[in-house]
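For the sequence shown, full-length UniProt numbering begins at 1 and goes up steadily by one. For glycine and all other residues, C-beta sits at the position ideal for the given N, C-alpha and C. Quantities reported herein were computed from a predicted structural model and do not represent experimental measurements.
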Amino acid sequence: MYSFVTKTRTHSISAVTHTHTHTPSVLLHTHTHTRHQCCYTHTHTHAISAVTHTHTHTPSVLLHTHTHTRHQCCYTHTHTHAISAVTHTHTHTPSVLLHTHTHTHSISAVTHTHTHTHRIKTSYRLDCETFIGRQNHARDLVRSADLTQWDALVILSGDGLLFEVVNGLMDRPDWEKAIQTPLGILPGGSGNALAASVHHYTRASPVWGEDLLTSCGFLLCKGLISKLDLISIRLSSGARLFSFLSLAWGFVADVDIESEQFRQIGALRFLLSTLLRLAYLRIYQGKLAFLPAESQRESASAGFSTADSRLPDHLLVPLEQPVPQDWTLVEEREFVLVLAMFQSHLGEDLLAAPDAHADDGLIHLFYVTAGISRTTLLRLFWAMQSGTHLDWGCTHLVYRRARALRLEPLSEAGVMTVDGERVEYGPLQAQVHRGAARLISA
């Protein structure tokens, strides 16, 4: 059945190839991880080539890619097919910027990257410029780039690169206009939570791996734009971050960050890190408060005074002040985890918030209190694969819908993550800004 659908899409795509009227200008970011696998090589070909062929007028696209050089050159070669589709259907040479981030910093990774970019230049006659990037290079780039060159920013990576792009857009003086640039996601990392969420919003059956990539590529072809919530997160240092996916403290954050040492095994790193953390389960002390979603209040009575005018956090008061009276104070002070979800999926195969949507204006808040057994915690995450973890009636798992929250760790050491990226440890608070960005989605 699925192969039949795929063939149908292929005919549909090929039917419109001759309707393109201008050449897309593509800015291509490649993050290179050195791996020793070859099984993933053809997935990106279908998605990107679908993007190239399906628009009756091809918009200019800023394409950030996260390139895993999996044992020699097979993975990057798949991208050249997509680019060749552009060159064969348009009248002049597309302009491509290759931004390469070699996480391993190995000579072989850099050498392979140069080999692939040279192949693109020579075989497909592209105007191609290459950069060996660094962490936050994408953030720096979109902070100063002329966004009028592109109609959309497409990320072929995990969620971390999109986190960089979103915060780069919000760093701009013209942030109000910049953040309205449509964002697209194609899964190319280990977690791929946003890509899985985008697929989930179509109400189609769950898919993984190559099928997820094909699904996201097909949605990108359709080019439908939805609103995307942004969550403003204020840290105790005064720093401010903008999130689209999740905020985690405790077990989930520990697993995410500690799994980095097993990155070479791909998505299996999360399973291995989960089992290790279960064996040495930690308990964290802290205070948690939130503004219930049912609250009708439009602003905090004391107000939040700041020189930062970007998306004012009208529901928050300074961290040194008590939360407003209509906030809920969680009585428990010992937690295994606190997890705030802003999309449906925590990972490609973890449906954490089944009822969430990209622009529902909600923080889906979960916390697990101390006293839960290792077996029960493992079973909860197993049930999360199908989104049935809330049906168990586990007394240690609490779910609330909120519009804002405050989290104050009391334990001296710990890990906090935003969209899977580690942030400074300490008190923080967050508020959702409904539909502040735009997402290419169903």
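task = Indicate the three-state DSSP secondary structure (helix, strand or coil) for Ala436 in the structure shown.
result = The residue you call residue 436 lines up with position 436 of the sequence shown. If DSSP states are grouped into helix, strand and coil, Ala436 belongs with the strands.
query = So Val207 packs on Ser197, CB below 8 Å; how close in whole Å?
reply = The sequence position of residue 207 within the sequence shown is 207, counting from 1. The sequence position of residue 197 within the sequence shown is 197, counting from 1. About 13 Å; that fails the 8 Å criterion.
ask   = If you count every other CB in all the chains shown that lies within 10 Å of the CB of Trp375, and 16 or more means buried, which is it?
value = Position 375 of the sequence shown holds residue 375. Looking at the sequence itself, residue 375 is Thr, so the reference to Trp does not match. Under the 10 Å beta carbon count, Thr375 is surrounded by fewer than 16 other beta carbons and is classified as exposed.
task = Determine the closest residue to Gln325 out of Glu332, Ala352, Leu315, Arg333, with distance taken between C-alpha atoms.
result = The residue labelled residue 325 in the question sits at position 325 within the sequence shown. Among Glu332, Ala352, Leu315, Arg333, the Cα nearest to that of Gln325 is on Leu315.
inquiry  = Between the segment 344-364 and the segment 198-205, can you find at least three pairs of beta-carbon atoms closer than 8 Å?
reply    = Enough Cβ pairs lie closer than 8 Å, so yes.
inquiry  = Can you look up His200 in the DSSP assignment and give me helix, strand or coil?
reply    = Here residue 200 corresponds to residue number 200 of the sequence shown, with the count starting at 1. The answer is helix: DSSP assigns His200 an H, G or I state.
ask   = With DSSP run on the structure shown, which of helix, strand or coil describes His22?
value = For the purposes of this step, residue 22 is identified with residue 22 of the sequence shown, where counting begins at 1. Unreliable positioning characterises His22 in this predicted model, as indicated by a pLDDT of 45, which lies under 50. The coordinate reading is nonetheless provided below. Coil, per DSSP.
Span of the alpha helix (DSSP H) around His347 = Counting from one through the sequence shown, the residue named residue 347 turns up at place 347. The sequence as given places Gly at residue 347; His does not occur at that position. Note, Gly347: premise wrong, no alpha helix (DSSP H); beta strand (DSSP E) at 345-347.
message = Quick check on DSSP: helix, strand or coil for Asp174?
response = Within the sequence shown, residue 174 is the residue found at index 174, counting from 1. Coil, per DSSP.
request  = May I ask you to list the residues that DSSP assigns as paired with Leu187?
outcome  = The sequence position of residue 187 within the sequence shown is 187, counting from 1. It should be pointed out that residue 187 corresponds to Pro in this sequence rather than to Leu. Note: Pro187 sits in a beta bridge opposite Ser157.
task = May I have the straight-line CA-CA distance separating Thr181 from Arg438, to the nearest angstrom?
result = Looking up residue 181 in the sequence shown gives position 181. Looking up residue 438 in the sequence shown gives position 438. Spanning the two alpha carbons is a distance of roughly 7 Å.
inquiry  = On the CB-based measure, 16 or more other CB atoms within 10 Å of its CB, does Arg422 come out buried or exposed?
reply    = By 1-based counting over the sequence shown, the position of residue 422 is 422. Exposed, because fewer than 16 other Cβ atoms sit within 10 Å of the Cβ of Arg422.
inquiry  = Is the separation between the beta-carbon of Leu407 and that of Ile363 shorter than 9 Å?
reply    = Position 407 of the sequence shown, counting from 1, holds the residue named residue 407. Position 363 of the sequence shown, counting from 1, holds the residue named residue 363. No, the pair does not count as a contact, with Cβ atoms beyond the cut-off.
inquiry  = What does the alpha-carbon distance come out to for the pair Arg297 and Arg234?
reply    = Position 297 of the sequence shown, counted from the first residue, corresponds to residue 297. Position 234 of the sequence shown, counted from the first residue, corresponds to residue 234. The alpha-carbon atoms of Arg297 and Arg234 are separated by roughly 20 Å.
ask   = Roughly how many angstroms separate the alpha carbons of Ser441 and Arg400, rounded to a whole number?
value = Taking the sequence shown and counting its residues from 1, one reaches residue 441 at position 441. Taking the sequence shown and counting its residues from 1, one reaches residue 400 at position 400. For Ser441 and Arg400, the gap between their C-alpha atoms comes out near 26 Å.
message = Could you give the first and the last residue of the continuous beta strand (DSSP E) run that contains Ile363?
response = Position 363 of the sequence shown, counting from 1, holds the residue named residue 363. If you look at Ile363, you'll find it in the beta strand (DSSP E) that goes 363-369.
query = Which same chain residues, not among the five before or five after Val252, have their C-beta less than 6 Å away from its C-beta?
reply = Position 252 of the sequence shown, counted from the first residue, corresponds to residue 252. Closer than 6 Å at Cβ, skipping near neighbours: Leu337, Leu339.
query = For Leu241, which of helix, strand or coil comes out of DSSP?
reply = In the sequence shown, the residue the question calls residue 241 occupies position 241. In this structure, Leu241 counts as strand in the three-state DSSP scheme.
Limits of the unbroken beta strand (DSSP E) element including Trp150 = Residue 150 sits at position 150 when you count from the first residue of the sequence shown. That residue, Trp150, is in no beta strand (DSSP E); it is neither H nor E in DSSP.
key: Rounded C-alpha distance that separates Glu320 from Glu210   = Here residue 320 corresponds to residue number 320 of the sequence shown, with the count starting at 1. Here residue 210 corresponds to residue number 210 of the sequence shown, with the count starting at 1. Straight-line Cα distance between these residues: approximately 48 Å.
key: Meets three-Cβ-pair contact criterion under 8 Å: the segment 426-433 and the segment 167-181   = With the rule of 3 Cβ pairs closer than 8 Å, the segment 426-433 does not count as touching the segment 167-181.
query = Any chance the segment 147-163 sits against the segment 383-402, with 3 or more Cβ pairs inside 8 Å?
reply = Here the segment 147-163 makes no contact with the segment 383-402; the two share fewer than three CB pairs at distances below 8 Å.
query = Roughly how many angstroms separate the alpha carbons of Leu281 and Ala152, rounded to a whole number?
reply = In the sequence shown, residue 281 corresponds to position 281, counting from 1. In the sequence shown, residue 152 corresponds to position 152, counting from 1. The C-alpha of Leu281 lies about 43 Å from the C-alpha of Ala152.
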